[in-house]
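K.L.:
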Amino acid sequence: MYDEIQEIKAQYPRTRSAVLPALRIAQQRYGWLTPDALREVADALDETPAFCQSVASFYDMFHLAPVGRRLVEVCTNISCALVGAQQVLEAFEQELGIRAGETTDDGQVTLRALECAGGCGWGTVVAVDHRYREPVRPEDVPAIVQEVRDGG
Amino acid sequence: MAASEIVLAGAADRDLTQIDAYREVGGYATLDRARGMGPQAVLDELLTADIKGRGGAGFPMGRKASFIPKPGQNPNPTYLTVNADESEPGTFKDREIMLRVPHRLIEGCLITAHAIGSRNVFIYIRGEYLREFEIIRAALEQAHGAGLMGDVTIVLHRGAGAYICGEETALLESLEGERGQPRTKPPFPAIAGLYASPTLINNVETIATVPAIVEHGGAWYADQGTEGSRGTRVFSLSGNVRRGGNYELELGTTLRDLIYHHGGGLPGSRRIKAIIPGGSSVPVLTADDIDTPLTFEAMADKGTFLGSGAVIVIDDRCCMVQLGLRVAQFYMHESCGKCTPCREGTRWMVQILRKIEDGRAEQAELDLLLDVCDRILGKCLCPLGDAAAMPIASYVDKFRAEFQAHIDAGGCPYKGESSLERVFAPVDQHTHHPTVEVPA
Amino acid sequence: MPELVTLTIDDREVQVPKGTGLVETAMGAGIEIPVFCYEPRLGPAVGACRMCLVEIEGMPKLQAGCTMTAQDGLVVRTAATSDKAAQGQNATLEFLLLNHPLDCPVCDKGGECPLQDLTFRYGPGTTRMVFPKRTFDKPIPISPTIALDRERCILCYRCTRFSEGVAEDHQLVPRNRGAQTLITTFEEEPYRAPFSGNVIELCPVGALTSTQYRFEARPWEIQNVPTVCTMCPVGCNVTVTTREGKVKRILSRNHPEVDQGWLCDKGRFAFSHLRAEDRVTQPLRRVRRRGFATISWEEALDETERVLRGAGGRIVTALSGSETIEHAYGLAKLLRTGLGAHSAVLPEETDVAIDAFRLPLSAIRGAELIVVVGDDPVAERAPVVDLWLKLARRGGAEVVTIGAAGSVLTAPGSAAQTCRELAGSGSELGRRLRESERAILIWSSPGGHGGAEIAALAGELGFAGKPGSGAFHLPATPNGRGVADAWAAASDDEGPNPEPIAVLVVSGDEAASDPHVRALAERAETVIAIVMFERVALGWADLVLPGTSYLERDGTAMNLEGRLQRLRRAAIPPVADELSWLSQLAARFGVDVSPYPAPVFEELAGTVYGGLTLGELGERAALAERAQIPAPAPDPDTEPARPSDGHYLNLLPYRPLFAGAAVERVPELQFQRPAAEVELSWDDAQRRGISSGDEVLVRSNGTSATLRARLNRRLLPGVVRIADEHARDLHATVEVTKP
Ligand SMILES: Cc1cc2nc3c(=O)[nH]c(=O)nc-3n(C[C@H](O)[C@H](O)[C@H](O)COP(=O)(O)O)c2cc1C
Ligand code: SF4
Ligand code: FES
């Protein structure tokens, strides 16, 4: 990871610019930004872990607590909400047996609501590991959950 | 329609993500021409075209580019930064541009870089846009392979989930590796932007328009649209319409045309209750405004903005208090926390709106809500606070009776039938820290 | 001369140099633009809190006054004359108070709180907030010295901006976003950095408070004494808050040329050593091998007189370099003129030649090229100098550090050689130093010859003729120069080094803790120690006379710039002041020493300081002009360590800032002391399969220590760094292995 981050650093006039990509790499490797992962990033960037954590905590896509292996996100901003996002979210809650913001007991899936995903014309937008499915209706949910559980 | 397409031209029947296909429709030819012209000549075309920025603020692009110091006037390098952080609720046009005409964006970058004497381009792309990132990256590789880059490097920089990073100075902070909190202006980015160097920041759509302007000439471009709003825009249509999606139309097209002709009208027998004409940050219009042309000036006449060109249609099932609450929750979630009125005010707005929606509010609290909006308005460090206060104030203004009904009846008059009933907002779920309390 | 501009604030015409901050401009005209986040020492204004909103003619929106500068023709209206501005300020205060607890009666900041004051002046009378406020666990310690009450925090980001942009320790940070933002450290680890305490002073509310000061006093019960910190050679100007004669806290007193209003944590927090449980409050006489018995002052003076008379002049005096000039002079006069005892162990010397290149520390900020030579980190020797260097670097200056962990790596102990090279014709850096009009040299290494070396280099580089260029020597002790001056002023005579030593007089706890002094004591028949702490003298001193702390003294000290500064007694010592009993003792030998510092200073200033009087020093002492002194010849025989052969590593011990008898007696400062660690270069660690945090064995001929490894990517391969307290018995070359 150290070397990988050095390469990214070289793309920018100032090395600190590499912090977001570096955090992304660490998160990919460890699943979430564990204290040790943050220490590793900090070392590679010559920053402090506190700085890295401070930056990470500003952005929604970084996880500072454990999450499931798969991430299901449902946009509930107004365009999607107007066409039934809440029903889609609730279908996921039902199907997964968890509330939005939670992770299944087996640690496989985390479900969360998302601010506008940028697919408003094709609501409701659901992102599975950041791959968009649009539009999704409540009746599509069981199949998506099955697919996620099956590793698709 | 298709005839008026400039940004998305040619993408309907071809896969323009491939460089060969893009070249078949004349792609990258303009780049060669532009490089043969002096930078000032390119700038002049942009000035003549009089294109206003497509990101939301609507500042004339040519003028902004002319603020960039000329070579020798500033010892620092000049940067071009493309704002691809598209996150304004209702907006999804930049995404479509990146997915379907990535090379037009790249060509626009290279021409603009030439015009302002920049050799370093950064495209700051929204973190959630994974496929778009992959497509741009692939397109960049093709452009590289084709030897089109000259001495310019384009770095594709991914965001990580923060609406505020769409604000240009927050974007620069984020790109520099900081928390994405806006800076005070002046200095403006054109003088001291990225790494304290002269920086031009433009929206994806703005940049993707540049090749056509240079190809056909600024005058040609300025001929389209209206005097105050030249050219076309890719409008994002969403909400309660049959055919949501992006429509590139000449500016001046009416809302009616967009919603009914292109969007197929509302599903079922629903009626329009409200229209948000430029993304969630702008004051709302009502059904009576349906014939308003989609131009900067017409929207200004109506006390609102064309913003990011995102038109959200709201039908009569929607409770406006719930809408206000959901919009306020969004801005609370996205407030960067730097300045006081925005950080504290958005949270307070959410609390008051929730109370109104729940039917627990007293009469005075409706006025308090407006006063809080007023106390945010015009006092924040960046426009995000205004973006929260303006729409909410407009909901109360235009639909006061509905707010009043919540107070009078001690509850929501929609009795659970509103389309936004119970809608769950991210602000209620996530926190990185267990001791933070989220609002009741 | 900067261009003057004329602007109007609240209908008053004001003229200031162009670019002056609007807040300062208004203040100069007696108009307040209230602020929270604005603090020019933290860098450019951020405009975050919105407290300073003002109306500017021609601008539709209110503007953050703190982000504006004076421009010709500007018409500004503050809350005093603009309803709109008043509404803006009222709005900001209402927002700030929404979630702020109303616990002023139990808040340490109460009575000296800008939020309280501004609320009183501009704020809403009642609250319209009926919702539950944001709540947090509180107060939480963010370190043993600092408590954080997040509910009181108004998120002005002063503290985090200090951490990031002034101290550059990047440890105190904001976490989360928006209304959920909070101030924190990484994983609740303590905020461990040399300047952490400044955030307490910066915090405009009671969110960051001193654990030492919590509930200790109310603003109307306290007294503030202006004095100077002499815990290190910088000599920061401080205000000492006392209540009922006891020191409760130390705040900065901003000498813009010396400290710019910053203090290190040693200076700020170490004062509780005054109340150490082993503080010597009575003279002691040794009984048995490891014990003392209390004796009366009369007995003590008799005994001292007897011992000194019996020594036949075979007396050696060891000085700490932390005495006031007056104490040192009193002692010197007694011993030298009264007893002919001229032999002394003086603190690490600073050569007077450096005075030809004298500059205020603040000149560092304006320099364009700064070269620091030596192996010691500047922050360990003279902490605030490090902040000046950081400020200079942020302002665009190039700072080159040359040493075993520098930006240019050299073998340990090469500082003198480095100077020689920089003076030579082949050095590119030397050439640039020579050509620059604003270059600064700093010596940061142990060894008394540093002042002469760096002065010689400055001379070679032609700094004498350049008022913008200068040189600093960072000595090991706070007042070494003053003490040496005082010793010299007392007598011109010299004497041979006595052998054997009949009496060793040890002045101060630092000298008493010095291994070299201890070695001398082994050879002395009788040891008289003047110390504050009993344990320091236990087992080797025969007679102990109580010492005082700098906070209990009146007098003067000379800092590393060569600036004479005035100390004022903040706390009454629990023991007789040194001068008072020295005066009595001296009288027994027919020597006249005044018991008061002013006449003592006058007497010696006549000889060494050109007749300066105490009164002339003032509260913020000025720096004397550059002296015309020919540069000395460099010391020819200094030799750097031989490069390591790969197996054996060169040990580089350093003296940490957080060390010494006083620090050891402050429980809250223990976490700041260096861990039992050995710093290894990346290469050496890799080769030995050692990672950070591993326990390793450090061995040298016959001695060994088990320490935790820490990897330092900046350290020269072949070198290991260990704080001297953990390197005690190790020799110059060591082996490091994984057990
Ligand atoms: C809160 C906020 C969010 C914004 N988000 C975006 C965005 O996502 N994309 C964008 O292009 N501009 C956004 N803007 C506008 C930018 O600040 C800036 O005006 C724009 O990128 C300039 O490009 P243009 O002149 O081509 O429109 C946002 C502004 C604000 C205040
Ligand atoms: S703790 Fe104090 S200094 Fe830090 S942000 Fe809060 S109010 Fe400001
Ligand atoms: S003092 Fe100006 S915004 Fe804080």
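Chains as they are written, first to last, in the numbering used here: chain A, 818 to 969; chain B, 3 to 442; chain C, 2 to 740.
Don't be surprised by glycine CBs; every beta carbon is placed ideally from N, CA and C.
Keep in mind it's a predicted model, so treat the numbers as computed, not measured.
(1) Return yes when the C-beta of residue 854 of chain A is under 7 Å from any heavy atom of ligand 2, and no when it is not.
(2) Contact between the segment 260–274 of chain C and the segment 195–214 of chain C is defined here as three or more beta-carbon pairs at a separation below 8 Å; is this criterion met?
(3) Taking the alpha-carbon positions, what's the residue 415 of chain C to residue 857 of chain A distance?
(4) So, do the segment 358–365 of chain B and the segment 24–34 of chain C have three or more beta carbon pairs nearer to each other than 8 Å?
(5) On the CB-based measure, 16 or more other CB atoms within 10 Å of its CB, does residue 310 of chain B come out buried or exposed?
(6) Unbroken beta strand (DSSP E) runs of length 3 or more, entirely within the segment 514–584 of chain C: which are they?
(7) Among residues of its own chain, excluding the 5 on either side of residue 702 of chain C, which ones have a beta-carbon nearer than 7 Å to its beta-carbon?
(8) If I measure Cβ to Cβ from residue 352 of chain B and keep anything under 8 Å in the same chain, skipping five residues before and after, which residues do I get?
(9) Would you call residue 21 of chain B buried or exposed, if buried means 16 or more other Cβ atoms sit within 10 Å of its Cβ?
(10) Under 8 Å by Cβ, that's how I've got residue 55 of chain B and residue 208 of chain B pegged, so tell me the actual separation to the nearest angstrom.
(11) Who are the Cβ neighbours of residue 313 of chain C in its own chain at under 8 Å, not counting the five residues just before and after it?
(12) Could you work out which residue in B:298, B:427, B:264 and B:74 is closest to residue 253 of chain B when comparing CA atoms only?
(13) Is residue 124 of chain C near ligand 3, with its Cβ less than 7 Å from a heavy atom?
(14) Who does residue 444 of chain C pair with in a DSSP beta bridge?
(15) Does any residue of chain A have a CB that is nearer than 8 Å to the CB of residue 214 of chain B?
(16) Mind checking if residue 105 of chain C is an interface residue toward chain B, Cβ cutoff 8 Å exclusive?
(17) Closer than 7 Å: is that where the CB of residue 51 of chain C sits relative to any heavy atom of ligand 3?
(18) Rounded to the nearest angstrom, what separates residue 685 of chain C and residue 736 of chain C at their Cα positions?
(19) Comparing C-alpha positions only, which one of A:947, A:825, A:955 and A:844 sits nearest to residue 880 of chain A?
(20) Given the structure, does residue 192 of chain C come close to ligand 2, in the sense that its CB is under 7 Å from one of the ligand's heavy atoms?
(21) With a threshold of 7 Å (Cβ to nearest heavy atom), would residue 169 of chain B be considered close to ligand 1?
(22) Which partner residues of residue 892 of chain A appear in the DSSP bridge assignment?
(23) Tell me, please, whether the CB atom of residue 186 of chain C is closer than 8 Å to any CB atom in chain A?
(24) Once DSSP output is grouped into helix, strand and coil, what is the label at residue 143 of chain C?
(25) Is residue 39 of chain C close to ligand 3? I mean its beta-carbon at under 7 Å from any heavy atom of the ligand.
(26) Figure out for me which residue from C:52, C:700 and C:106 has the closest Cα to the Cα of residue 740 of chain C.
(27) Tell me whether residue 184 of chain C counts as near ligand 2, meaning its Cβ is closer than 7 Å to at least one heavy atom of that ligand.
(28) Secondary structure at residue 238 of chain C, three-state DSSP: helix, strand or coil?
(29) Under a CB-based cut-off of 8 Å, is residue 15 of chain B close to chain C?
(30) Along the segment 148–174 of chain B, where does the CB come closer than 9 Å to a CB of chain C? Name the residues.
(31) Please list, in chain order, all residues of the same chain as residue 474 of chain C whose beta carbon is under 6 Å from its beta carbon, the five residues on each side excluded.
(32) What do you reckon, are the CB atoms on residue 24 of chain C and residue 67 of chain C nearer than 8 Å?
(33) Excluding the five sequence neighbours on either side, which residues of its own chain have a C-beta within less than 6 Å of the C-beta of residue 218 of chain C, listed in chain order?
(34) Against residue 893 of chain A, what residues of chain B qualify as contacts under a CB-to-CB distance less than 9 Å, listed in chain order?
(35) List, in chain order, every chain A residue whose beta-carbon is nearer than 7 Å to that of residue 1 of chain C.
P.N.:
Taking the coordinates as given:
(1) no
(2) yes
(3) Cα to Cα, the separation comes out at about 33 Å.
(4) No, they do not touch.
(5) buried
(6) Listed in chain order, they are 525–532, 544–547, 556–559 and 565–568.
(7) 732
(8) 327, 330, 331, 334, 429 and 441
(9) buried
(10) 5 Å
(11) 503
(12) B:298
(13) no
(14) C:374 and C:474
(15) no
(16) Cβ-Cβ to chain B under 8 Å: no for residue 105 of chain C.
(17) yes
(18) Whole-angstrom Cα-Cα distance: 11 Å.
(19) For residue 880 of chain A, the closest alpha carbon among the candidates A:947, A:825, A:955 and A:844 is that of A:844.
(20) no
(21) yes
(22) A:931
(23) yes
(24) coil
(25) yes
(26) C:700
(27) When distances are taken from the beta-carbon of residue 184 of chain C to the heavy atoms of ligand 2, the shortest one is below 7 Å.
(28) DSSP, read as helix, strand or coil, puts residue 238 of chain C in strand.
(29) no
(30) 164 and 166
(31) 351, 355, 444, 451, 452 and 455
(32) yes
(33) 244 and 249
(34) Per Cβ cutoff of 9 Å: 328, 425, 426, 427 and 428.
(35) Lying outside 2 to 740, the shown extent of chain C, residue 1 of chain C is not represented and no answer is given.
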